[in-house]
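Below: one structure, written as structure tokens.
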């Protein structure tokens, strides 16, 4: 089997011309679909009509053009509309086994882990309606279809293509795709570095050139966002200095509103005052403390320690769109303070945490404070211990940023397998 359906940037390669099915003694009849093939419902249908009981699907992405939720729905639909098992091996995370009734029997958790389930490849296909139920619904499904009405599926130029004209040729798409997968990301990072350094004019030129060189790609879309952000910064009242002026007088260089230090780049820079940030697909979790009581807040967290020290306050950062903050009041010598803890969904190679914090002016030096991220194996709904001991590398990893010592300097507090412990120097 050779991949049949290809995205436009792969169309310089030789396509496959069919969907073969292979009989095996243990798994019944099996077929395979590679990556983009699954986006086309005709492909698994062809395998099902040829008698496939199981479809194996190695892929970089999902089964639909959209987010992870849509992709999962598409995978389940492909399984139940053909009454086949689908075994998905997805790069990084997302591997799963789906039954002929569209149920997810097993799903891998975390990066490059396994999804394992016991199945009967020749069973699990009960279905029907109130008037006729079948042990294997394929006995009805593929006899009740009307193939004479499906001729448009094989037309090379169906009417829709006249309504949606071609926007790029194959040769250009192949060239742009290859550039995006090689030098494109490095060039985008270089443009972002210019923006972070305050070299706005150079950054603008770099982002504009990226849009010209990589049209219709993620680099084009995100560069457009970066250019819009730069334009908003330029239009801030009273902040119209040029790069040259800023370099001569760094103290007066244009910066975003210091009261909400989102920075010039990154996710938060797209959402003034964080308004609507939770709708960004890259956001895993947002806490706004907008309940009426701490007890309501605790429902989103798996472990709450020192709830008696917590209350909700209307003291929020100026320019924020939020209305509440969490106030933790600690009296020296009484208890260990307060803590909120929860597990994040699996499948992320990198996670960033951002938080706003305000200390009372009379606050003494704090032993430990901050937003800590990490992982425990096995995961638990509460933080695990191990103070002063070096992790093995397979049991836990945690890191945080917190004030340290009497001078309140910000410091990393990290437990990892290469750390030194007290006495190591």
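Residue numbers (our numbering): 259 to 683.
Cβ atoms here follow ideal geometry from the backbone N, Cα and C, with glycine treated the same way.
Contacts around residue i, its chain only, beta-carbon distance under 6 Å, and the 5 residues preceding and following it disregarded
| i | result |
| --- | --- |
| residue 671 | 658 and 660 |
| residue 329 | 320, 321 and 322 |
| residue 498 | Caution applies to residue 498, whose pLDDT of 39 falls short of 50 and renders its modelled position unreliable; the value that the coordinates give is listed next. Around residue 498: no qualifying Cβ. |
| residue 563 | 597 |
| residue 681 | none |
| residue 600 | 559 and 560 |
| residue 651 | 675 |
Exposed unless 16 or more other CB atoms sit within 10 angstroms - verdict on residue i
| i | result |
| --- | --- |
| residue 621 | exposed |
| residue 644 | exposed |
| residue 481 | buried |
| residue 275 | exposed |
| residue 393 | exposed |
| residue 618 | exposed |
| residue 408 | exposed |
| residue 424 | exposed |
| residue 677 | exposed |
| residue 426 | exposed |
| residue 282 | exposed |
| residue 465 | buried |
| residue 267 | buried |
| residue 615 | exposed |
| residue 440 | exposed |
| residue 419 | exposed |
| residue 609 | exposed |
| residue 315 | buried |
| residue 496 | Residue placement at residue 496 is poorly supported in this model, since its pLDDT is 39, which falls under 50; the coordinates still yield a value, given next. By the neighbour-count rule (16 or more Cβ atoms within 10 Å), residue 496 is not buried but exposed. |
| residue 551 | exposed |
7 Å CB neighbourhood of residue i in its chain, flanking five on each side removed
| i | result |
| --- | --- |
| residue 581 | 548, 572 and 574 |
| residue 396 | 341 and 383 |
| residue 286 | 311, 312, 379 and 380 |
| residue 590 | 622 |
| residue 472 | 434, 437, 438, 442 and 478 |
| residue 502 | Low confidence applies here, because residue 502 scores a pLDDT of 41, under 50, leaving its location unreliable and the question unanswered by this model. |
Nearest-angstrom beta carbon gap, residue j and residue i [assumed within contact, 8 Å]
| i | j | result |
| --- | --- | --- |
| residue 432 | residue 270 | 5 Å |
| residue 333 | residue 358 | About 13 Å separates the two Cβ atoms, so there is no contact after all. |
| residue 629 | residue 613 | 5 Å |
| residue 363 | residue 377 | 7 Å |
| residue 305 | residue 277 | 5 Å |
| residue 649 | residue 675 | 5 Å |
| residue 579 | residue 524 | Going by Cβ atoms, the distance from residue 579 to residue 524 rounds to 18 Å, so no, they are not a contact pair. |
| residue 488 | residue 458 | 6 Å |
| residue 567 | residue 596 | 5 Å |
| residue 354 | residue 373 | 5 Å |
| residue 611 | residue 631 | 6 Å |
| residue 542 | residue 485 | Between residue 485 and residue 542 the Cβ distance is about 27 Å, and since that is not below 8 Å, they are no contact. |
| residue 337 | residue 360 | 5 Å |
| residue 679 | residue 656 | In fact, because the Cβ distance is near 15 Å, the residues do not count as touching under 8 Å. |
| residue 352 | residue 633 | With a Cβ gap of about 18 Å, residue 352 and residue 633 do not count as contacting. |
Endpoints, alpha helix (DSSP H) assigned at residue i
| i | result |
| --- | --- |
| residue 545 | Neither: residue 545 is in no alpha helix (DSSP H) and is coded neither H nor E. |
| residue 418 | 418-421 |
| residue 465 | 458-471 |
| residue 329 | 326-340 |
| residue 554 | 552-555 |
| residue 402 | 396-402 |
N- and C-terminal bounds of the beta strand (DSSP E) containing residue i
| i | result |
| --- | --- |
| residue 654 | 654-662 |
| residue 387 | 385-387 |
| residue 345 | 343-348 |
| residue 584 | 583-586 |
| residue 392 | 390-392 |
| residue 364 | 362-365 |
| residue 630 | 630-634 |
| residue 354 | 354-356 |
| residue 580 | Premise fails: residue 580 is in no beta strand (DSSP E) and is neither H nor E. |
| residue 597 | 597-599 |
| residue 614 | That residue, residue 614, is in no beta strand (DSSP E); it is neither H nor E in DSSP. |
| residue 668 | 667-673 |
| residue 312 | 312-317 |
| residue 568 | 568-571 |
| residue 561 | 561-563 |
Min CB distance residue i to chain C below 8 Å
| i | result |
| --- | --- |
| residue 615 | Any reference to chain C falls outside this structure, which holds one protein chain only. |
Cβ neighbours of residue i in the same chain (closer than 8 Å, five flanking residues each side left out)
| i | result |
| --- | --- |
| residue 391 | 384 and 385 |
| residue 468 | 442, 445, 446, 449, 477, 478 and 481 |
| residue 303 | 339 and 340 |
| residue 534 | none |
The ligand FMN heavy atom lying under 7 Å from the CB of residue i
| i | result |
| --- | --- |
| residue 378 | Within the structure as shown, the ligand FMN is missing, as the structure has no ligands at all. |
| message | Which complete alpha helix (DSSP H) runs does the stretch 276-309 hold, if anything under 4 residues is left out? | response | 300-307
| message | For a minimum of 4 consecutive residues, which ranges assigned as the alpha helix (DSSP H) are wholly contained in the stretch 414-453? | response | 418-421 and 428-437
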